[in-house]
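Peer 1: When you read off a place in the sequence shown, starting at 1, and then add 2, the result is the number in the working numbering.
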Amino acid sequence: MTGPGRQRTGSEPPIGRRMAELRARRGMSQQVFADRIGKSKSWVDKVERGVRTLDRLSVIETVAGALGVAPQLLLGGRTPPAPATDVGAAVERIRAALARHDAPASAPVGAAVRQLDDQAGYAWTAYRNGQQPQVLRMLPDLLVDGRHACHVSLVDPYVLALLVRVYRLTAQTLVKLGDAHLAWLAADRAMMAAARGDPMWIGLAAVSLAQALRALRRGRLATTAALTAVRQLDPAVTHGHPSASALTGTLLVEAALATAGHGDGVTAHDLTERAARLAAAHERDDQDGVAFDPTSVELARAVIATRLGDHHRAVAVHRAATDHDGWRRLPAEHRAAHLIDITRAYLDLGDHDAAGRALVTADRIAPAETRTRPAARAALTAVLRAGPTPADVTRLAATIGLTSS
3 MTGPGRQRTG SEPPIGRRMA ELRARRGMSQ QVFADRIGKS KSWVDKVERG VRTLDRLSVI
63 ETVAGALGVA PQLLLGGRTP PAPATDVGAA VERIRAALAR HDAPASAPVG AAVRQLDDQA
123 GYAWTAYRNG QQPQVLRMLP DLLVDGRHAC HVSLVDPYVL ALLVRVYRLT AQTLVKLGDA
183 HLAWLAADRA MMAAARGDPM WIGLAAVSLA QALRALRRGR LATTAALTAV RQLDPAVTHG
243 HPSASALTGT LLVEAALATA GHGDGVTAHD LTERAARLAA AHERDDQDGV AFDPTSVELA
303 RAVIATRLGD HHRAVAVHRA ATDHDGWRRL PAEHRAAHLI DITRAYLDLG DHDAAGRALV
363 TADRIAPAET RTRPAARAAL TAVLRAGPTP ADVTRLAATI GLTSS
């Protein structure tokens, strides 16, 4: 990371130089400014020359206040903090859409249903790219229109597949945003729609259900949901269906994560080994919210090791997996989410610098992951409280709207 007092690449000047320019514009000498912020003239001079770093968020806020500017201007950030209420309001709109049971004024025709399916595809693409705000904007209408399409026919496979896609997307988005109970409701509806279709639909819905149950800390129920779907997929896997094998592997990983959550390392290891064998035997598969290949299994191993308290192993596996070409081929959402997950291992090891670097990297890959997820905010808060932070971590905290207090 580049220290805050050193010249960074690009057109953005160092923070010390910005402080000097803003001070000079206000006609303050270094001594007057030092008196206002409770520092020495020597401290001000060293910061402005880049000899000393300005890396504590609390000090940056004090400096910004004395200069009469927002911390973001001092830091050079151009993205205003995303208010948490925006996400909260979006979740409430999703809740309202899930609660609606009114009949449509007119039944959607086939073309409208196909267009709705296309919109669901666009929303899933946004999800894979880590663009949660776009997903949140689309979900309420997708939910209402999907339910209206269901009024046309409760047995039309095309409509049922559409419902599974929409409810799964809803569930997985809500898990990220920390509303596990609402996610469970959406995942359960995905399962109900999938139950009328083929085992592949059930498997896809079970991935979302297992994630919601894990978020609710119902690990044993999550394991049961995932492994029940695995058994239903067995015939397709036996006949060499590649997507069925990838989906089975993903469900095995979900089950392994769930068992690790309640301390069953032996079962978690066995399930992960089964998933690894499937990943090695089949080409990479990327369905809605399911990216399965050897790298994704290794990333899961790292998270499982974290859940089991083996943080040194978690970091070692993480570093090996992210140094592989497969890492760069994974969707942006998957990579950013994993980096947020691995901060737990770094924090438990006391390596706050590495945790901060992981969060900054996640923000570069998919900013919405770090700026909307409670898990990312909690990790970043822990990094801030640990002590002085590098400039890019401090800038990320200011962008999100966090303080070190």
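Virtual Cβ for every residue (Gly too), placed ideally from N, Cα, C.
Please state the DSSP three-state secondary structure of residue 133.
Peer 2: coil
Peer 1: Does the beta-carbon of residue 169 have 16 or more other beta-carbons within 10 angstroms, so that it is buried, or is it exposed?
Peer 2: buried
Peer 1: What residue does the alpha helix (DSSP H) around residue 368 start on, and which one ends it?
Peer 2: Residue 368 -> no alpha helix (DSSP H), and no H or E assigned at all.
Peer 1: At what residues does the alpha helix (DSSP H) containing residue 456 begin and finish?
Peer 2: Outside the shown range of the chain (3 to 407) lies residue 456, about which nothing can therefore be said.
Peer 1: Using 8 Å as the cut-off, can you tell me whether the region 236-256 makes contact with the region 274-284, which would need three or more C-beta pairs spanning the two stretches below that distance?
Peer 2: yes
Peer 1: Here's the rule I'm using: 16 or more other beta-carbon atoms within 10 Å means buried, otherwise exposed. How should residue 239 be labelled?
Peer 2: buried
Peer 1: Regarding residue 67 and the ligand COA, is the C-beta to nearest heavy atom distance less than 7 Å?
Peer 2: With respect to the ligand COA, the structure shown offers nothing to examine, as it has no ligands at all.
Peer 1: Write down every uninterrupted run of the alpha helix (DSSP H) in the region 356-404 whose length is 4 residues or greater and which is fully enclosed by it, in chain order.
Peer 2: 369-374, 376-387 and 393-402
Peer 1: Could you tell me which residues DSSP pairs with residue 288 in its beta bridges?
Peer 2: DSSP lists 293 as partners of residue 288.
Peer 1: Check whether the Cβ atoms of residue 171 and residue 215 lie closer than 8 Å to each other.
Peer 2: no
Peer 1: Let me know if residue 53 comes out buried or exposed under the rule of 16 or more other beta-carbons within 10 Å of its beta-carbon.
Peer 2: exposed
Peer 1: Are residue 235 and residue 257 close, meaning C-beta to C-beta below 8 Å?
Peer 2: Against a cut-off of 8 Å, the Cβ pair of residue 257 and residue 235 comes out as no contact.
Peer 1: According to DSSP, simplified to helix, strand and coil, what is residue 56?
Peer 2: coil
Peer 1: Check residue 313 in the structure and name its three-state DSSP category.
Peer 2: Under the three-state reduction of DSSP output, residue 313 falls in the helix class.
Peer 1: Taking the alpha-carbon positions, what's the residue 79 to residue 392 distance?
Peer 2: With a pLDDT of only 48 at residue 79, under 50, the local geometry of the prediction cannot be trusted, and the value read off the model is given with reservation. Their backbone Cα atoms lie some 15 Å apart in a straight line.
Peer 1: Quick one: Cα of residue 309 to Cα of residue 191, how far?
Peer 2: 29 Å
Peer 1: I'd like to know whether the C-beta atoms of residue 302 and residue 338 end up nearer to each other than 8 Å.
Peer 2: no
Peer 1: So the alpha helix (DSSP H) residue 43 belongs to, where does it begin and stop?
Peer 2: 43-51
Peer 1: Taking the alpha-carbon positions, what's the residue 288 to residue 88 distance?
Peer 2: When rounded, the separation of the alpha-carbon atoms in residue 288 and residue 88 is 30 Å.
Peer 1: Is the CB-CB distance between residue 228 and residue 187 below 8 Å?
Peer 2: No; because the gap between Cβ atoms is not below 8 Å, this pair is not in contact.
Peer 1: Just the Cα atoms here: how many angstroms apart are residue 295 and residue 330?
Peer 2: 12 Å
Peer 1: For the 8 Å Cβ check, are there 3 or more pairs between the region 348-355 and the region 115-128?
Peer 2: no
Peer 1: Using a Cβ-Cβ cut-off of 8 Å (strictly less than) and excluding sequence neighbours within five positions of residue 335, which residues of its own chain qualify?
Peer 2: 129, 130, 131, 132, 368 and 371
Peer 1: In chain order, what residues of the same chain lie with their CB nearer than 8 Å to the CB of residue 404, ignoring the 5 residues before and after it?
Peer 2: 59, 379, 382, 383 and 386
Peer 1: Kindly list the residues whose CB is nearer than 6 Å to the CB of residue 349, restricted to its own chain and excluding five residues on each side of it in sequence; keep chain order.
Peer 2: 357 and 384
Peer 1: Between which two residues does the alpha helix (DSSP H) carrying residue 349 extend?
Peer 2: 334-350
Peer 1: With DSSP collapsed to three states, give me the class of residue 16.
Peer 2: Note: residue 16 maps to coil in three-state DSSP.
Peer 1: When the Cα atoms are used, what is the spatial distance from residue 165 to residue 237?
Peer 2: 24 Å
Peer 1: Alpha carbon to alpha carbon, what distance is there between residue 189 and residue 376?
Peer 2: 20 Å
Peer 1: Assign residue 159 to buried or exposed, taking buried as 16 or more other Cβ atoms, counted over all protein chains shown, within 10 Å of its Cβ.
Peer 2: exposed
Peer 1: From the DSSP output, in three-state form, read off residue 241 for me.
Peer 2: Three-state DSSP puts residue 241 in coil, outside helix and strand.
Peer 1: Helix, strand or coil: how does DSSP classify residue 37 here?
Peer 2: In this structure, residue 37 counts as helix in the three-state DSSP scheme.
Peer 1: According to DSSP, is residue 264 helix, strand or coil?
Peer 2: coil
Peer 1: Just mark residue 33 as buried or exposed, buried being the case when its beta carbon has 16 or more other beta carbons within 10 Å.
Peer 2: exposed
Peer 1: If we ignore side chains and look at the alpha-carbon of each, how far apart do residue 93 and residue 41 end up?
Peer 2: 45 Å
Peer 1: Quick one: grab the DSSP three-state call for residue 31.
Peer 2: Three-state DSSP puts residue 31 in coil, outside helix and strand.
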